[in-house]
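Heads up: the sequence shown begins at 5 in the numbering used here, then just goes up one per residue.
Don't be surprised by glycine CBs; every beta carbon is placed ideally from N, CA and C.
This report concerns only the one structure given below.
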Amino acid sequence: MTPQEQTVILEARDILGRYLSQNPVIGSWQALMDYCALTVRGPIERFHVLYLDRKNRIIADELLSIGTVDHVPVYPREVIKRALMLNASALILIHNHPSGDPTPSEADLSMTKETQKGCKYLGLTLHDHIIVGAGTELSLRALAKL
5 MTPQEQTVIL
15 EARDILGRYL
25 SQNPVIGSWQ
35 ALMDYCALTV
45 RGPIERFHVL
55 YLDRKNRIIA
65 DELLSIGTVD
75 HVPVYPREVI
85 KRALMLNASA
95 LILIHNHPSG
105 DPTPSEADLS
115 MTKETQKGCK
125 YLGLTLHDHI
135 IVGAGTELSL
145 RALAKL
């Protein structure tokens, strides 16, 4: 990637971040997918959580964990604890698969279910878990896995 391309990507992230902080995330699915693709894609697994207010605006986009080329440790307890600290009403889990294949692993599905259970118990809404691959994003909600 050239320095000019890196600059363009950083500017695009900034523009999307400003847009998403002022507008409902859920109301603009394509903007959310674009944001996920730009923010999370990379050569190592990264796990982000978008914490949302009651109107589905982003309170925070937090990088909770950085892993390796094929694994990122995620602890549902920490995801939910941070949601409570931020007074979030809802959240969206996002992580990437550096292999390019966004198909969820059993560990992805299990962690999502555990997080969903905790959210439900505490009155939080887990909107989705999005997995970013090479040029494509996959929604666990769209797959009926959430």
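Can you tell me which of the three DSSP states residue i falls into?
i	result
I2	Absent from the structure is residue 2, since the part of the chain shown begins at 5 and ends at 150.
D132	strand
L144	coil
Excluding five sequence neighbours on each side, which residues of the same chain lie with their C-beta closer than 6 Å to the C-beta of residue i?
i	result
H131	A94, I96
So, for residue i: in the same chain, excluding its five sequence neighbours on each side, which residues have a beta-carbon less than 8 Å away from its beta-carbon?
i	result
R81	G122
L68	F51, H52, V53, V78, E82, V83, R86
G46	N100, P102
In or out: residue i buried (at least 16 other Cβ within 10 Å) or exposed?
i	result
I135	buried
V12	exposed
C19	Going by the sequence as given, residue 19 is Ile instead of Cys. With fewer than 16 other Cβ atoms within 10 Å, it is exposed.
V73	exposed
L147	exposed
I70	exposed
P102	buried
A41	buried
Whole-angstrom Cβ separation of residue i and residue j, contact assumed at under 8 Å?
i	j	result
A87	L128	6 Å
E49	H99	6 Å
L126	A92	The pair is not a contact, with the Cβ atoms about 11 Å apart (cut-off 8 Å).
Who pairs with residue i in a beta bridge, going by DSSP?
i	result
L95	Y55, L130
N60	For N60, which the question treats as bridged, DSSP gives no partner whatsoever.
D65	L54
Excluding sequence positions up to five away, which residues of its chain have a Cβ less than 7 Å from the Cβ of residue i?
i	result
L144	P108, T116, D132, H133, L150
L113	K149
D38	L20
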